[in-house]
Amino acid sequence: MFQQTVDILVLGLLAATALAVVRMRTLIGAAMLMGIYSFLSASWMLILDAPDVAFTEAAVGAGVSTIFVLATLSITTIRAKRQTKFQFAPLAVVVLTGAVLIYGTLDMPHFGDPEAPVHRVGNRYIKRVPEEFKIPNAVTAVLGSYRGFDTFGETTVVLTAGLGVLCLLRKRREDEPKVVTE
Amino acid sequence: MILTGVMAAILVTMALALVRATLGPTLFDRILALNMFGTKTVLLIAVVCFTIDRTDFLDLALAYALMNFIGVVAVLRLFLHKGFGEPEPDEEGASS
Chain A
1 MFQQTVDILV LGLLAATALA VVRMRTLIGA AMLMGIYSFL SASWMLILDA
51 PDVAFTEAAV GAGVSTIFVL ATLSITTIRA KRQTKFQFAP LAVVVLTGAV
101 LIYGTLDMPH FGDPEAPVHR VGNRYIKRVP EEFKIPNAVT AVLGSYRGFD
151 TFGETTVVLT AGLGVLCLLR KRREDEPKVV TE
Chain B
1001 MILTGVMAAI LVTMALALVR ATLGPTLFDR ILALNMFGTK TVLLIAVVCF
1051 TIDRTDFLDL ALAYALMNFI GVVAVLRLFL HKGFGEPEPD EEGASS
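Shown next, in the form of structure tokens:
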């Protein structure tokens, strides 16, 4: 009961923060609100008993990405243009994506369900890791082999994001031809 | 019982800080709201740890406090130097 009340309140605060970020025109204010959002989502992950994800979210979301956003603002502009015309296409894309995500959760096992696949295969992994891989750490074996494709995808995402940031934030050489934007 | 009361107080304070970050007329109100929200997150984690009896999560609260500090220092540095590059030599001399 206590846990559920806290869940609902924290999720309500998350939704309020997200709406405030969308409404905010001062971009530094929006960066502050995004920091608040990361802190909230990290504490919600901790309430859901996922401290490793909460740790990552605190370090990346609240720490590094706030600094990245502010660094970007310092070399661009700090005010957003006021959008006067109502645009239908972005709203449709957002609603469609949300609907697909909610549809995706319908298939997932409930929180703490003992019949969830992750609980059924766990014991088998622990038993078979020593004879199949000769790796002392079961977590390494699961990440590197049983979930190899997942880990490969994650690494690709991180590499792509790092390359994108490097391309955007690097210092240009003097003799490099300027890119004409207008 | 007392933990429930503390939790409710922290959540109300979080909501008030969020309101200040949203309305805040100046940017410094927003920075202060962010800092305060980070502090309340640290407290929330501590209370949750004691409520569900997993006090080994308390280390996370320390990490959050550090992240909060780094974020606020980054924002203030942005205002002081108008960017994250090396400060101009004359600006450095004037500020010290």
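Listed in order, the protein sequences are those of chains A and B.
Oh and the first sequence: position 11 is 11 in our numbering, straight run, nothing missing.
In short: position in the second sequence from 1, add 1000, done, that's our numbering.
Ideal Cβ positions, reconstructed from N, Cα and C, are used throughout, including at glycine.
Subject >> A/Val22 at chain B interface by Cβ criterion, 9 Å >> reply: Not one beta carbon of chain B lies nearer than 9 Å to the beta carbon of A/Val22.
Subject >> For A/Thr26: DSSP bridge partner residues >> reply: In DSSP, A/Thr26 forms a bridge with A/Arg79.
Subject >> Identity of the residue in B/Ala1046, B/Ala1074, B/Arg1020 nearest B/Asp1099 by Cα >> reply: Nothing about residue 1099 of chain B can be reported from this structure: the residues present for chain B run from 1001 to 1096 only.
Original post:
In chain A, which residues lie with their C-beta within 7 Å of the C-beta of B/Leu1078?
Top reply: Identification of chain A residues near B/Leu1078 by a Cβ-Cβ cut-off of 7 Å yields Leu70, Ser74, ordered along the chain.
Subject >> the region 56–67 of chain A / the region 1043–1057 of chain B touching (three or more Cβ pairs under 8 Å) >> reply: Segments in contact, no.
Original post:
Which residues in chain B sit within 7 Å of A/Ala54, going by Cβ to Cβ distance?
Top reply: Going along chain B in sequence order, the residues near A/Ala54 (Cβ under 7 Å) are Leu1060.
**OP:** Give the straight-line distance between the Cα atoms of A/Leu163 and A/Ser65, rounded to the nearest whole angstrom.
**Re:** Rounded to the nearest angstrom, the two C-alpha atoms are 15 Å apart.
Subject >> alpha helix (DSSP H) runs contained entirely in the region 112–162 of chain A, provided each spans 4 or more residues >> reply: If one requires a minimum length of 4 residues, the alpha helix (DSSP H) runs lying completely within the region 112–162 of chain A are 117–133, 138–141, in chain order.
**OP:** Count the CB pairs spanning the region 166–177 of chain A and the region 9–19 of chain A that are closer than 8 Å, and state whether there are at least three.
**Re:** Touching, no, given that fewer than three Cβ pairs across the two stretches are closer than 8 Å.
**OP:** List the residues of chain A that B/Ala1063 touches, going by C-beta distances under 8 Å, in chain order.
**Re:** Here the neighbours are Phe55, Ala58, Ala59.
Original post:
Comparing the C-beta of B/Glu1092 with each C-beta of chain A, is any distance below 9 Å?
Top reply: Because B/Glu1092 carries a pLDDT of 44, less than 50, the predicted location of this residue cannot be relied on, and the following value inherits that uncertainty. No - not a single Cβ of chain A is within 9 Å of the one on B/Glu1092.
Subject >> Chain-order list of residues whose beta-carbon lies under 7 Å from that of A/Val18 (same chain, five-residue window excluded) >> reply: Sequence check: residue 18 of chain A is Ala here, not Val. The residues are Tyr37.
**OP:** Return helix, strand or coil for A/Lys85, following the three-state DSSP convention.
**Re:** A/Lys85 falls in the coil class under three-state DSSP.
Subject >> Residue-chain proximity (B/Ile1002, chain C), Cβ-Cβ < 9 Å >> reply: In the structure shown, chain C cannot be found, because the protein chains are A and B.
Subject >> Cβ-based neighbour list, A/Ala20, same chain, cut-off 8 Å, excluding 5 preceding and 5 following >> reply: When the five nearest sequence neighbours on each side are left out, the beta carbons in the same chain lying within less than 8 Å of the beta carbon of A/Ala20 are those of Leu33, in order along the chain.
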